[in-house]
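Chemist: Here you go, one structure.
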Amino acid sequence: MYSAGNETFINGTTSQIASQFSADEIAAVSTPPASQSLAEMSQSIQTSMIGSAATSVVSAIGSITTQCMISAAQSRQYASQRRVAESKYNTESSKIAIQAATLDAVASVTERRNTASVELRAAEGDLRVVQRQIAEQEITREATRIDPRTPAFYGTTV
Numbered sequence: 307m308y309s310a311g312n313e314t315f316i317n318g319t320t321s322q323i324a325s326q327f328s329a330d331e332i333a334a335v336s337t338p339p340a341s342q343s344l345a346e347m348s349q350s351i352q353t354s355m356i357g358s359a360a361t362s363v364v365s366a367i368g369s370i371t372t373q374c375m376i377s378a379a380q381s382r383q384y385a386s387q388r389r390v391a392e393s394k395y396n397t398e399s400s401k402i403a404i405q406a407a408t409l410d411a412v413a414s415v416t417e418r419r420n421t422a423s424v425e426l427r428a429a430e431g432d433l434r435v436v437q438r439q440i441a442e443q444e445i446t447r448e449a450t451r452i453d454p455r456t457p458a459f460y461g462t463t464v
């Protein structure tokens with residue numbers, strides 16, 4: 307920042323402050339002393355311009371640094387959110403895998419139970435046939451014991 311007469315220069319922008327002073331006061335302040343040479347005025351202007359440019363560069367570097375820091379923080383936040391999402395996904399995948407395994411086990415047990423049920427009914431039918439054959443044989447034996455003349459098919463159904 308530097309002042310020249312009625313203008314104050316800050317980072318390349320100008321602010322008017324002339325309304326507070328009279329024209330004679332402004333002319334007295336803005337007129338360089340007679341002893342100041344053109345080279346000295348040129349040097350002063352160049353120094354002011356370099357200072358202004360340096361201030362702008364420092365400001366830009368600060369802005370870029372701030373943006374980089376914000377980007378890095380956002381990147382860390384996104385990575386954290388991704389890890390949380392992956393964890394939830396893995397948890398859900400595990401739950402689904404457990405449910406699928408449970409359903410497979412239930413289906414397998416149900417299939418074996420149904421097969422066993424069918425086999426049991428078939429065995430019960432076979433057992434009834436065998437029990438009826440045994441009962442018929444006992445009836446025939448008993449009838450033969452009581453009356454040896456009874457034919458062998460006595461008590462059997464036709």
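Residues in the sequence shown are numbered consecutively from 307, following my numbering. Beta carbons are placed, not taken as given, at the ideal position from N, Cα and C, and that holds for glycine. Please read these numbers as outputs of a predicted model, since none were measured by experiment.
Check S343 in the structure and name its three-state DSSP category.
Modeler: In the structure shown, S343 sits in coil (DSSP, three-state: anything other than H, G, I, E or B).
Chemist: Roughly how many whole angstroms lie between the Cα atoms of R419 and D410?
Modeler: Between R419 and D410, the C-alpha separation is close to 14 Å.
Chemist: If we ignore side chains and look at the alpha-carbon of each, how far apart do E417 and L426 end up?
Modeler: In a straight line, the C-alpha of E417 is about 14 Å away from that of L426.
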